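First residue of the sequence shown? That's 6 in our numbering, and the numbers climb one at a time after it. Every residue, glycine too, gets a C-beta built ideally from N, C-alpha and C. Note that this is a predicted model, so its numbers are computed, not measured.
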Amino acid sequence: MDYYQAAKLRKEWKEKGNPPCSHSDREKERLNGSLTGDAVCTTCGHEAWIYKEKKAE
Ligand SMILES: [Zn+2]
6 MDYYQAAKLR KEWKEKGNPP CSHSDREKER LNGSLTGDAV CTTCGHEAWI
56 YKEKKAE
């Protein structure tokens, strides 16, 4: 999923009142066609973690 599309989803999700989401459907995140190394939830746009061994917090 495109980074900007995910950002849009996140905004829309927030406008819906930020309901709970299990983030069960995730896609690799791309920015300008390149993988960012992160994944995003296709439902709410939340930045997920599944494709990374570890994520620096
Ligand atoms: Zn989600």
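At which residues does the beta strand (DSSP E) containing residue i begin and terminate?
| i | result |
| --- | --- |
| residue 33 | 31-36 |
| residue 46 | 39-46 |
Which same chain residues end up closer than 7 Å to residue i when comparing Cβ atoms and leaving out the 5 residues on each side of it in sequence?
| i | result |
| --- | --- |
| residue 45 | 6, 11, 31, 32, 34, 51, 52 and 53 |
| residue 26 | 46, 48, 49 and 51 |
| residue 8 | 34, 35, 36 and 41 |
Hey, how far is the Cα of residue i from the Cα of residue j?
| i | j | result |
| --- | --- | --- |
| residue 47 | residue 20 | 16 Å |
| residue 36 | residue 15 | 16 Å |
| residue 17 | residue 29 | 18 Å |
Near residue i, which residues of its chain fall below 8 Å by C-beta distance, leaving aside the five closest residues on each side in sequence?
| i | result |
| --- | --- |
| residue 13 | 50 |
Would you give the residue range spanned by the alpha helix (DSSP H) that residue i belongs to?
| i | result |
| --- | --- |
| residue 21 | No alpha helix (DSSP H) contains residue 21, which DSSP labels as neither H nor E. |
To which residues does DSSP link residue i through a beta bridge?
| i | result |
| --- | --- |
| residue 53 | 44 |
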